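First the structure, in the form of structure tokens, and then the observations on it.
There are 2 protein chains.
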Amino acid sequence: MKKRQVYGCQAGCPVESTLQIISGKWKSVILYHLFKQRLCHFGELHSAIADCSRRMLALQLRELEDDGIIKKTIFSEIPLRTDYTLTEFGQTLRPVVASLEQWGIQYNRKRNRSADTQCSTFVD
Amino acid sequence: MKKRQVYGCQAGCPVESTLQIISGKWKSVILYHLFKQRLCHFGELHSAIADCSRRMLALQLRELEDDGIIKKTIFSEIPLRTDYTLTEFGQTLRPVVASLEQWGIQYNRKRNRSADTQCSTFVD
DNA sequence: CCGCATCCACCTAGATACTG
DNA sequence: CAGTATCTAGGTGGATGCGG
Numbered sequence: 001m002k003k004r005q006v007y008g009c010q011a012g013c014p015v016e017s018t019l020q021i022i023s024g025k026w027k028s029v030i031l032y033h034l035f036k037q038r039l040c041h042f043g044e045l046h047s048a049i050a051d052c053s054r055r056m057l058a059l060q061l062r063e064l065e066d067d068g069i070i071k072k073t074i075f076s077e078i079p080l081r082t083d084y085t086l087t088e089f090g091q092t093l094r095p096v097v098a099s100l101e102q103w104g105i106q107y108n109r110k111r112n113r114s115a116d117t118q119c120s121t122f123v124d
Numbered sequence: 001m002k003k004r005q006v007y008g009c010q011a012g013c014p015v016e017s018t019l020q021i022i023s024g025k026w027k028s029v030i031l032y033h034l035f036k037q038r039l040c041h042f043g044e045l046h047s048a049i050a051d052c053s054r055r056m057l058a059l060q061l062r063e064l065e066d067d068g069i070i071k072k073t074i075f076s077e078i079p080l081r082t083d084y085t086l087t088e089f090g091q092t093l094r095p096v097v098a099s100l101e102q103w104g105i106q107y108n109r110k111r112n113r114s115a116d117t118q119c120s121t122f123v124d
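Note that the protein sequences, when read in sequence, are chains A and B. Quick note on numbering: UniProt numbering labels position 78 of the first sequence as 78, and the sequence is numbered without any gaps. Quick note on numbering: UniProt numbering labels position 37 of the second sequence as 37, and the sequence is numbered without any gaps.
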């Protein structure tokens, strides 16, 4: 049905394999917020990632779900609510997202000395 | 001139900052090979990353160069030759690429038990 | 061999509107 | 609130050719 299959992963290149899973435009950012909060509703993610449209967010979440990275729990209450959590498999991505975060913190610091008030890290 | 500026990096989200630099479709793979070899010619990269066209490879390399991640050295011999190396700044991405690699190795192993003959890691 | 310019088919992602 | 469907402009990346 879908497309995907962006990387041929020739010669079993491990980096290509990883990208095949997390290279979606907003996936790592979504995972970052899930690691920080352990659980998020759709709306929380949406407001945390302001530049990502509802449509895009839903698509990225769907792909992460299909790949077994996150799990979705739907509550058919009114108003509607949906919880997203990392699966056990998704948890294995923690070091990857953590290093993305760590590098970004250093990078931001370098670019803007005054902005010491960053998001708190989820790395103990 | 260009586009870029994909991520708004709202609230200084560190992951978005990092992605702003390395989220190009082939950038992390390029960096991976540069970390493994320390120095690469255009052709070496091209054959190492078979699915990436010459045009794409040149574009991605250009962006990495513009961001100060890699340095290009042109030898105007015939036939032409160009060396790519990581800058000092680029070296700071090592842990990021390393974690992408590490996760990919585990993932490949899980998917294909018989494929123990993977690319050797550059992490000592 | 390296790399850029141009052309063009395809795809992506925003806007909008509609369901539960 | 959460998510999907459609429609569409504009971006993306392959093919090709030139020039150093």
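Yeah, the Cβ is synthetic: ideal placement off N, Cα and C, and Gly gets one too. Keep in mind that this is a model prediction, so the values were computed, not measured.
- Contact annotation, I70 of chain B with L34 of chain B: C-beta distance approximately 7 angstroms; criterion of less than 8 angstroms satisfied.
- In this structure, DSSP gives T82 of chain A an extended state, which the three-state scheme calls strand.
- With respect to the 9 angstroms criterion, Y32 of chain A and C13 of chain B are classified as neighbours on the basis of their beta carbons.
- As a beta-bridge residue in DSSP terms, K72 of chain A pairs with A:Y84.
- Cβ atoms of H41 of chain B and T92 of chain B stay farther apart than 8 angstroms, at about 24 angstroms.
- For S23 of chain B, there is no enclosing alpha helix (DSSP H), as DSSP marks it with neither H nor E.
- Taking the Cβ atoms as the reference, Y107 of chain B lies roughly 7 angstroms from T18 of chain A, within the contact range of under 8 angstroms.
- For H41 of chain A, the beta-bridge partners assigned by DSSP are A:D83.
- At least 9 angstroms separates the CB of Q91 of chain A from every CB of chain B.
- Counted as a single uninterrupted DSSP element, the alpha helix (DSSP H) harbouring L61 of chain A occupies residues 54 to 66.
- In this structure, E101 of chain B lies away from V29 of chain A, with their beta-carbon atoms at least 9 angstroms apart.
- Taking 9 angstroms as the CB threshold, E101 of chain B lines the interface with chain A.
- Neighbours of P95 of chain A across chain B, judged by C-beta separation under 9 angstroms: S99, Q102, W103.
- Burial state of K27 of chain A is buried, judged by a 10 Å Cβ sphere holding 16 or more other Cβ atoms.
- In this structure, F89 of chain B sits near G68 of chain B, with a CB-CB distance shorter than 9 angstroms.
- The closest CA to that of L80 of chain B, considering only B:S47, B:G43, B:R38, B:G24, is found on B:G43.
- DSSP, reduced to helix, strand and coil, places R113 of chain A outside both helices and strands of the structure shown, so it counts as coil.
- Proximity of D51 of chain A to chain B, defined by a Cβ-Cβ separation below 9 angstroms, is satisfied.
- The contact set of Y107 of chain A on chain B, defined by CB atoms closer than 8 angstroms, consists of P14, S17, T18, I21 in chain order.
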